[in-house]
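Participant: Under the working numbering, the first residue of the sequence shown carries the number 95, and numbering increases by one thereafter.
For every residue, glycine included, the Cβ atom is placed at its ideal position computed from N, Cα and C.
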Amino acid sequence: MHLHFSFSRTVQAHSLRVPFPVLWNPHLGAHAVAAEVTLKRTAPGLGWVVPAETLFSVDLAPGIEGCAAGTLTLELFDSGVHSAPDWTSLHAAYWTRSSLFGRALAQQMFIAPAYPWNIAEVSRTLGEDIRTVQMRLFREAYSFTSTLRRCRMLRVLLSTLSKDAPSPKLPATALAGSAQQMDSLFEAVHQTRLSTIERSRLPTAHDIGIKSPVVPGTGFA
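(1) Rounding to the nearest angstrom, what Cα-Cα distance links His185 and Leu199 in this structure?
(2) Comparing alpha-carbon positions, which option in Trp118, Asp180, Ile205 and Thr219 lies nearest Thr167?
(3) If Phe150 and Val127 are in contact, beta carbons under 8 Å, what's the gap, nearest whole angstrom?
(4) Can you tell me whether Ser237 is buried or exposed, with buried defined as 16 or more other CB within 10 angstroms of its CB?
(5) To the nearest angstrom, how far is it from the Cα of Leu296 to the Cα of Asp153?
(6) Would you kindly work out how many angstroms separate the C-alpha atoms of Ala235 and Glu159, rounded to a whole number?
(7) In the DSSP output, what is Trp118 paired with across the bridge?
(8) Since I believe Ala146 is in contact with Pro115 (beta carbons under 8 Å), could you give me their beta-carbon distance rounded to a whole number of angstroms?
(9) For Val308, count the other beta carbons within 10 Å of its own beta carbon; 16 or more makes it buried, fewer makes it exposed. Which is it?
(10) Could you pull the DSSP bridge partners for Phe320 from this structure?
(11) Output yes or no for whether 8 Å exceeds the beta carbon distance between Phe99 and Gly141.
(12) May I ask you to verify whether the region 202-210 touches the region 242-251, counting CB pairs closer than 8 Å and requiring at least 3?
(13) Taking only runs that begin and end inside the region 170-218, name each unbroken alpha helix (DSSP H) of 4 or more residues, in chain order.
(14) Just curious, the beta strand (DSSP E) that Asp153 is in, first and last residue?
(15) Considering just the uninterrupted stretch of the alpha helix (DSSP H) at Ala282, what are its terminal residues?
(16) Could you check if Ala259 is buried or exposed, using at least 16 other CB atoms within 10 Å of its CB as the buried criterion?
(17) Contact check, Gly157 vs Leu122 under 8 Å by CB: the rounded distance?
(18) For Arg230, decide whether its Cβ has a neighbour in chain B, counting only Cβ atoms nearer than 8 Å.
(19) May I ask which residues mark the beginning and end of the beta strand (DSSP E) holding Val127?
(20) What residues match up with Arg111 in a beta bridge as DSSP calls it?
(21) Taking Cβ positions, are Ala273 and Ser256 nearer each other than 8 Å?
(22) To the nearest whole angstrom, what separates the beta carbons of His242 and Met276, a pair I think is in contact under 8 Å?
(23) Tell me the DSSP secondary structure of Arg135 in three-state form.
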């Protein structure tokens with residue numbers, strides 16, 4: 095999934111944690127990407143590779159070109175919003191004891207953010223009782239409720255950052271309702287307001303059907 099973005103003003107987003115690997119490629123402007131671990135670079139002076147479930151933050155500022163632009167690639171994730179989780183892969187992740195079930199659950203919540211998730215249905219589908227599933231998540235430092243909220247917020251944030259990310263069309267009760275409440279929620283968690291990002295977003299060449307040049311050393315347009 096490749097998300098092209100371009101902003102006319104300074105934009106920041108902190109405390110991001112995506113359940114899929116992220117490749118952040120800067121094209122124009124100043125990009126600062128910091129994480130809880132040392133990040134690999136795609137090439138000297140170019141993009142950053144952020145491992146799945148790594149806490150990171152980004153700060154973007156326009157350069158002499160008048161904008162901050164780049165591409166955010168979610169590896170191992172196809173574009174689109176799925177209507178239902180992949181129960182087969184989730185079941186396999188739970189019963190394979192060496193697997194990280196919490197990460198697998200987060201990935202499915204990210205894939206199908208609008209699905210009416212509840213732990214009773216997940217436990218029933220896995221053939222396990224609720225308490226045992228909760229304890230498995232706890233041992234892996236996950237919470238069912240907070241993981242679902244995080245993944246839904248991420249999908250909303252990505253669709254605000256780039257027109258390439260489809261809107262998750264969440265139920266009205268999934269997150270805070272009004273635009274003001276959403277702004278307050280995202281500011282508290284990610285130190286950014288959705289309305290600020292929307293006002294700062296510029297059309298990209300990708301938006302108007304112009305193919306962007308490949309950034310040397312990245313292999314991505």
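Facilitator: Result, derived from the coordinates:
(1) Here the question's residue 185 lines up with position 91 in the sequence shown. Here the question's residue 199 lines up with position 105 in the sequence shown. So the two alpha carbons sit approximately 10 Å from each other.
(2) As a first step, residue 167 must be located in the sequence shown, where it is residue number 73. With distances taken between Cα atoms, Thr167 lies closest to Trp118.
(3) By one-based count along the sequence shown, residue 150 stands at place 56. By one-based count along the sequence shown, residue 127 stands at place 33. The Cβ separation is near 6 Å, so the contact holds.
(4) Translated into the one-based positions of the sequence shown, residue 237 becomes position 143. The residue is exposed, with fewer than 16 neighbouring Cβ atoms inside 10 Å.
(5) On the sequence shown, residue 296 is found 202 positions in, with the first residue counted as 1. On the sequence shown, residue 153 is found 59 positions in, with the first residue counted as 1. Answer to the nearest angstrom: the Cα atoms are 17 Å apart.
(6) Within the sequence shown, numbered from 1, the residue matching residue 235 stands at position 141. Within the sequence shown, numbered from 1, the residue matching residue 159 stands at position 65. If you take the alpha carbons of Ala235 and Glu159, they lie about 43 Å apart.
(7) In the sequence shown, counting from the first residue as 1, residue 118 sits at position 24. According to DSSP, Trp118 bridges with Trp142 and Leu166.
(8) On the sequence shown, position 21 is the one that residue 115 refers to. On the sequence shown, position 52 is the one that residue 146 refers to. Confirmed, Cβ separation roughly 5 Å.
(9) Translated into positions along the sequence shown, residue 308 becomes position 214. Model confidence at Val308 stands at a pLDDT of 43, short of 50, so the residue's coordinates are unreliable and nothing is read from them.
(10) Lying outside 95 to 315, the shown extent of the chain, residue 320 is not represented and no answer is given.
(11) One-based indexing of the sequence shown puts residue 99 at position 5. One-based indexing of the sequence shown puts residue 141 at position 47. No, the Cβ-Cβ distance between Phe99 and Gly141 is not below 8 Å.
(12) yes
(13) 181-189 and 195-205
(14) Position 59 of the sequence shown, counted from the first residue, corresponds to residue 153. First-last of the beta strand (DSSP E) with Asp153: Phe150 to Ala155.
(15) By 1-based counting over the sequence shown, the position of residue 282 is 188. Residues Ala273 to His284.
(16) As a position in the sequence shown, residue 259 is number 165, starting the count at 1. Buried is the call here.
(17) Here residue 157 refers to the residue found at position 63 of the sequence shown. Here residue 122 refers to the residue found at position 28 of the sequence shown. Gly157 to Leu122, Cβ: 6 Å. Contact.
(18) The structure shown contains no chain B, having only a single protein chain.
(19) Taking the first residue of the sequence shown as position 1, residue 127 is located at position 33. Here the beta strand (DSSP E) through Val127 covers Ala124 to Ala129.
(20) In the sequence shown, residue 111 corresponds to position 17, counting from 1. DSSP output for Arg111 lists no bridge partner at all.
(21) Walking along the sequence shown from the start, residue 273 turns up at place 179. Walking along the sequence shown from the start, residue 256 turns up at place 162. The answer is no: Cβ separation not under 8 Å.
(22) Counting from 1 along the sequence shown, the entry for residue 242 is found at position 148. Counting from 1 along the sequence shown, the entry for residue 276 is found at position 182. Looking at the sequence shown, residue 242 is not His but Leu. In fact, because the Cβ distance is near 17 Å, the residues do not count as touching under 8 Å.
(23) The residue labelled residue 135 in the question sits at position 41 within the sequence shown. It is a strand residue.
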